[in-house]
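What follows is the structure in structure tokens.
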């Protein structure tokens, strides 16, 4: 199997695995961060979308290098926070509604 679609899916799968560590690391700081085991459970139960699907839905808005990912419980709602180094060299934080994949906010990181 090869071709652009296969390579994109392989890349998304690799990023999802790599980001599991980032989610777990973020949980060590306390607060409302969700740990990797809870994140897996939430995905399995269908309460949040898998990270690979979030990245796919974010599309061009999340193009560049993924620097950090956190899954948080924010005011009773699950939100993915993505930190992206864009192709323009700017770092952006993108907040995505974890159950729907809807982009909630995009900010340049100062």
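Numbering (the working numbering), first residue to last: 1 to 110. By construction, the Cβ of each residue, glycine as well, lies at the ideal position given by its N, Cα and C atoms. As the structure is a computational prediction, the values presented were derived from the model and not from experiment.
- Cβ of residue 86 within 7 Å of Cβ of residue 59? Looking up residue 86 in the chain shown gives position 86. Looking up residue 59 in the chain shown gives position 59. Cβ distance not < 7 Å, so residue 86 and residue 59 don't count as in contact.
- Message: Taking DSSP's pairing of strands, which residues face residue 106 in a bridge?
- Response: Stepping through the chain shown from its first residue, residue 106 is reached at position 106. Answer by DSSP bridge pairing, in chain order: 94.
- Collapsed DSSP secondary structure at residue 42 in the structure displayed: The residue given as residue 42 occupies position 42 in the chain shown. Helix, per DSSP.
- Query: Would a C-beta distance cut-off of 7 Å place residue 73 and residue 80 closer than the cut-off?
  - Reply: Counting from one through the chain shown, the residue named residue 73 turns up at place 73. Counting from one through the chain shown, the residue named residue 80 turns up at place 80. No, they are not a contact pair.
- For residue 108, does the count of other Cβ atoms within 10 angstroms reach 16, so buried, or fall short, so exposed? Start at 1 with the first residue of the chain shown, and residue 108 comes out as number 108. The residue in question, residue 108, is exposed, as its Cβ has fewer than 16 Cβ neighbours within 10 Å.
- Item | Buried versus exposed call for residue 105 [16 or more other C-beta atoms within 10 Å across all chains shown] | Here the question's residue 105 lines up with position 105 in the chain shown. So residue 105 ends up on the exposed side.
- How long is the line joining the alpha carbons of residue 22 and residue 67, rounded to whole angstroms? Stepping through the chain shown from its first residue, residue 22 is reached at position 22. Stepping through the chain shown from its first residue, residue 67 is reached at position 67. Bear in mind that a pLDDT of 49 at residue 22, under 50, signals an unreliable position, so the number given afterwards is only what the model happens to contain. So the two alpha carbons sit approximately 9 Å from each other.
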